[in-house]
Amino acid sequence: VIHAEGKYLIPGLWDMHVHYSWWAPELFMQYGVTTIQDVGSDPDWIVAQRDGIAKGKIFGPRIFACGAMLGVPKDLEGVLTFGFFHNIAEAHQVAKEELAKGLDCLKIWRVITPEEVKAVAEEAHRAGKPVVGHSTSYNAVVGAQSGIDQLAHINGIAEAMLIDTAAAD
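Numbering (my numbering), first residue to last: 8 to 176.
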């Protein structure tokens, strides 16, 4: 029983775009954020955090873990150490490897083709997992048609609004 006379009660808040860090759990919980979706952390680390919290071993919000950002641009190869593929076959393979780590979702990052998005989405959807897109090289409609379930940013919305609907028929 919680005696809440003269107080306010709100449901736990969700933050659907987090890059989780070791110092964050107390802040999330202090401000009522009880669930997060991490969209870009080392897969092994974020799955361990998620599982530790779920088992009550670590204090923090419930985590939906997307793991590494897939489709890192070639100019960042060597700077970032995850998520690389250079063709559709590699996109399928990388998606399978990431899902095998126990992730709840996959996040596609930046400049990959709609065909590569489809490859990642096919693997994620086959596993019953959603795909989060960081669309900067295509519009939101193309992203959705390619298999993206959530947009991580507003990027791609303006381009989608400019589609010539007569040409789309």
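From the three backbone atoms N, C-alpha and C, an ideal C-beta is built for every residue, glycine too.
Pick out whichever of the options has its Cα sitting closest to the Cα of residue i.
i, options, result
"ARG69", "PHE35, PHE91, VAL124", "PHE35"
"ARG57", "HIS24, TYR38, HIS93, LEU110", "LEU110"
"ALA107", "TYR27, GLN152, ALA75, ILE17", "ALA75"
Compare the beta carbon distance of residue i and residue j with 8 Å and say whether it is the shorter of the two.
i, j, result
"ALA96", "ALA131", "no"
"ALA128", "VAL138", "yes"
At what residues does the beta strand (DSSP E) containing residue i begin and finish?
i, result
"PHE92", "Run containing PHE92: none; DSSP gives neither H nor E here."
"ALA72", "69 to 72"
"ASP45", "40 to 45"
"HIS141", "138 to 141"
"LEU113", "113 to 116"
Could you spell out the range, first to last residue, of the alpha helix (DSSP H) harbouring residue i?
i, result
"GLY150", "147 to 153"
"TRP30", "TRP30 -> no alpha helix (DSSP H), and no H or E assigned at all."
"HIS132", "121 to 133"
"ILE161", "From DSSP, ILE161 is part of no alpha helix (DSSP H); its letter is neither H nor E."
"VAL54", "50 to 61"
I'd like the list of long-range same chain contacts for residue i, defined as Cβ closer than 6 Å, with 5 residues on each side in sequence excluded.
i, result
"LYS125", "SER153, GLY154"
"VAL149", "PRO121"
"ALA72", "ASP45, ILE53, VAL54, ARG57, LEU110, ASP111"
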